[in-house]
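Each residue of the sequence shown is one higher than the one before, starting from 547 at the first, in this note's numbering. Heads up: the structure comes next, in structure tokens.
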Amino acid sequence: MKAVIQRVLSASVSIDSKVVGSINRGLLIFLGVAQKDTSTDLEYMVNKTVGLRIFKDEHANMNLSIEDVGGEALVVSQFTLCADTNKGRRPSFTNAAPLEMADNMYQQYCKKLREENISVQTGQFGAMMEVMLVNDGPVTIVLDSLER
């Protein structure tokens, strides 16, 4: 499982020019699920996301988590994070999880964030989406459950 996490002042996701999810201060999370991902990968990613200390404290040090600042999360499914670009110029997506598995893991990830008292907005799994954001910093972190 891979995630690209961006600290944002605001973010939104639209489908056919209609906003389906939006947040203020918090995290924009692009989440990719791979074929070999398990519940262990899911737990790791949720715990890392919730505990990631990338918000500024009173001394302007990145020392606070999304929980600490009462931030929101916008989670957008993104199978392209599982791309294999080792051969040729066209990415291969054979490492990406099948649709049903990926959707299930994506939904579980969002559910578990909510269980940690994080306000979560989402895009729509499998849809063509337009994402807008105001990056804060910019701060962008890449998480990969294979690196645990």
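Yeah, the Cβ is synthetic: ideal placement off N, Cα and C, and Gly gets one too. Here the structure is a predicted model, which means the values were calculated and not measured.
Is there contact here, the stretch 617-627 with the stretch 668-675, by at least three beta-carbon pairs under 8 Å? yes
Relative to the C-alpha of Glu-693, which candidate in Met-608, Val-685 and Lys-594 has its C-alpha closest? Lys-594
Please report the distance separating the alpha-carbon of Leu-574 from that of Phe-601. 13 Å
DSSP three-state assignment for Lys-548, whether helix, strand or coil: strand
Under 8 Å, with one C-beta from each stretch per pair, do the stretch 576-587 and the stretch 630-639 reach the 3-pair mark? no
In terms of residues, what are the limits of the beta strand (DSSP E) holding Gly-683? 676-690
Contact between the stretch 648-668 and the stretch 596-616: three or more CB pairs below 8 Å? yes
Taking 9 Å as the threshold (C-beta atoms), are Met-608 and Tyr-655 in contact? no
Kindly indicate which residue of Asp-690, Asp-562, Ile-569 and Asn-650 has the alpha-carbon position closest to the one of Val-666. Ile-569
Please tell me whether Gly-683 and Arg-553 are closer than 9 Å, where the distance is taken between their beta carbons. yes
At what residues does the beta strand (DSSP E) containing Leu-577 begin and finish? 572-578
Going straight from the alpha carbon of Val-680 to that of Val-550, what length do you get? 15 Å
Whole-angstrom Cβ separation of Asn-663 and Glu-613, contact assumed at under 8 Å? 7 Å
Gly-634 in three-state terms, based on DSSP: coil
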